[in-house]
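Input: a single structure, listed below in structure tokens.
Protein chains in written order, with my numbering: chain A, 1 to 309; chain B, 1001 to 1251.
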């Protein structure tokens, strides 16, 4: 399958700080790639380098077949960008913003108007198209930015936290459109903090920590890879000594959350047997006992811990 | 369509210029520094310097109007856009840095020309004759381009705080007005004043305006136009080169 994004040894320094440290990865055409990492890990810096906003210090980024450093105009012609913060011109109307985008991407006026009307209609903004953007809500601004990014029908879309801080309606509208776009063949590079969103949308995710890529794989494979640590949730009908639970065979740690105990265990079978024996010894009844599959959150937390490799 | 082609990039620069005109025309600093400032300076000298002929003062007004209007918009656009993050939007679009600069320069040039024509009409309405219209039109066009490039040069420091740039802009623009023969005829300047005056492009434009209104000029008109052309090319190339270097620091 052709490659939409091919990154090799991309590096960016700010003074003595290495914000992005020789990262390499590729994104296939038609893929939804999630780019995850804690705050300050280098996600936005990477996205800005890939979209040609800031130049890398070293390394290469080939975007839709064009080197972003040496052929920036050709590379940028092939993708759309949805930044975290809305950056439409607030003194212009939505329609004027879209016509400006049409002109900047070289679209004929008739085509730009047709696309703008269709997309504004899809995202529920058509009846507000002649209103200045400064009067828009955050959700409306974010939807407008998405329309601006899609106007020229790009084959690749960069999104940085597209649903951050939005209401449920706007979030669902955007996610639904992203799914439809991907079904139609658009490659999506999604930077997000929202693990649930990444888990549901992305074919693969890359996790960056302190400027370095620490994992790239499908969400389910990442979860399976950390499956060696099991989680058990248990509650009793009476107070039991927490210190004693940690010492039971097969149990690594026990944390109380509300009326339940969150237990991590290296051997699920041994841990459950220990808990049953423990409840009998303390004449406590087990009210609930659930075994929890590892989530993408767990994988993320494990992979982004400073002590892990 | 070849997005990297010259004509396509010029089309995109025009789109940026239209956007600038729509958004920045009526911002406070543009009105204050572009229109009110030259008018009040003109009135002050009109009332205070009764021995200077009206043609001399109106020529100064035309020179100031073009200089202040063409440099009023351009220095502040980058800081405004950097602050609003719209510069990042432009930087991720398929346009070169030079195209963004050129678009901003087109807007300033057109704005400068528009306001300057009003002052020329004002001079004619006061009874001044139009002796040489072609050199005047050529001078206005060249000087508007030149002053727009100066405006963009003032925006080179990569700050996103407009007041910083406006302060720097005032520090450079006002002394330039006083050394350019606007209020003191070049003939009456001391040698050191004249040495400073020849370094200012405004000197040559004001000289062309005086030639057009009064038939009196200090340098030959061909020299005025040639020097303005050289200044325009040097400032335009310089601003594009410098902005290319500083643009990433604004992001």
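From the three backbone atoms N, C-alpha and C, an ideal C-beta is built for every residue, glycine too.
- In the DSSP assignment, residue 1235 (chain B) falls within the unbroken alpha helix (DSSP H) covering 1221-1250.
- The Cβ atoms of residue 261 (chain A) and residue 272 (chain A) do not sit closer than 8 Å to each other.
- Here DSSP, grouped into helix, strand and coil, assigns residue 59 (chain A) to strand.
- With its beta carbon less than 8 Å from one in chain B, residue 103 (chain A) belongs to the interface.
- Put simply, the backbone Cα of residue 203 (chain A) is about 18 Å away from that of residue 163 (chain A).
- Out of A:216, A:184, A:185, the CA that lies nearest to the CA of residue 198 (chain A) is found in A:216.
- Shown here, residue 12 (chain A) sits in a strand according to DSSP, grouped into three states.
- DSSP assignment within the region 1062-1150 of chain B yields the following whole alpha helix (DSSP H) runs of 4 residues or more, N-terminal first: 1086-1091, 1097-1125.
- A distance below 6 Å between beta-carbons, with the five flanking residues on each side excluded, links residue 290 (chain A) to the following residues of its chain, in chain order: 233.
- Look at residue 1205 (chain B) here: in three-state DSSP terms it is helix.
- With its beta carbon at least 8 Å from every one in chain B, residue 168 (chain A) lies outside the interface.
- Only residues of its own chain outside the window of five on either side were considered, and among them 30 have a CB closer than 6 Å to the CB of residue 185 (chain A), listed in chain order.
- With 16 or more other Cβ atoms inside 10 Å of its own Cβ, residue 94 (chain A) counts as buried.
- Taking residue 131 (chain A) as the centre and dropping the five residues before and after it, the same chain places the C-beta of 93, 94 closer than 8 Å to its C-beta, in chain order.
- Short of 6 Å from the beta carbon of residue 1145 (chain B), and not among the five residues preceding or following it, lie these beta carbons of its own chain, in chain order: 1109, 1232.
- Rounded to whole angstroms, the gap between the alpha carbons of residue 266 (chain A) and residue 36 (chain A) is 27 Å.
- In terms of CA proximity to residue 5 (chain A), A:52 leads the group A:284, A:12, A:41, A:52.
- Under the Cβ criterion (8 Å, minimum of three pairs), the region 103-110 of chain A does not count as touching the region 134-148 of chain A.
- Residues of chain B whose Cβ lies closer than 8 Å to the Cβ of residue 87 (chain A) are, in chain order, 1084, 1085, 1086, 1088, 1089.
- Sequence-ordered contacts of the region 44-55 of chain A with chain B read 48, 51, 52, 53, 54, 55 [C-beta pairs closer than 9 Å].
- Per the C-alpha coordinates, the member of B:1058, B:1083, B:1006, B:1056 positioned closest to residue 1158 (chain B) is B:1083.
- Only those residues of the region 69-82 of chain A whose C-beta falls short of 7 Å from the nearest C-beta of chain B are listed: 73, 74, 76, 77, 81.
- The C-beta of residue 100 (chain A) comes closer than 8 Å to at least one C-beta of chain B.
- With fewer than 16 other beta carbons inside 10 angstroms of its own, residue 1199 (chain B) counts as exposed.
- When beta bridges are read from the DSSP output, residue 233 (chain A) appears opposite A:262, A:290.
- The beta-carbon of residue 1108 (chain B) is placed no less than 8 Å from the nearest beta-carbon of chain A.
- The Cβ-Cβ distance between residue 1140 (chain B) and residue 1113 (chain B) falls below 8 Å.
- Taking a Cβ-Cβ cut-off of 7 Å, the neighbours of residue 91 (chain A) in chain B comprise 1023, given in sequence order.
- Bounds of the beta strand (DSSP E) holding residue 157 (chain A) are 156-160.
- Within chain A, the residues 106 have their CB atoms less than 8 Å from the CB of residue 1008 (chain B), given in chain order.
- The criterion of a C-beta distance shorter than 8 Å is not satisfied by residue 41 (chain A) and residue 50 (chain A).
- The C-alpha of residue 1201 (chain B) lies about 13 Å from the C-alpha of residue 1151 (chain B).
- In the same chain as residue 213 (chain A), and ignoring 5 residues on each side of it, the C-beta atoms closer than 8 Å to its own belong to 23, 24, 25, 206, 207, in chain order.
- In the three-state scheme derived from DSSP, where H, G and I count as helix and E and B as strand, residue 21 (chain A) is classed as strand.
- In this structure, the beta-carbon distance from residue 1179 (chain B) to residue 1154 (chain B) does not fall below 8 Å.
- For residue 96 (chain A), the chain B residues whose C-beta falls within less than 9 Å of its own C-beta are 1019, 1022, listed in chain order.
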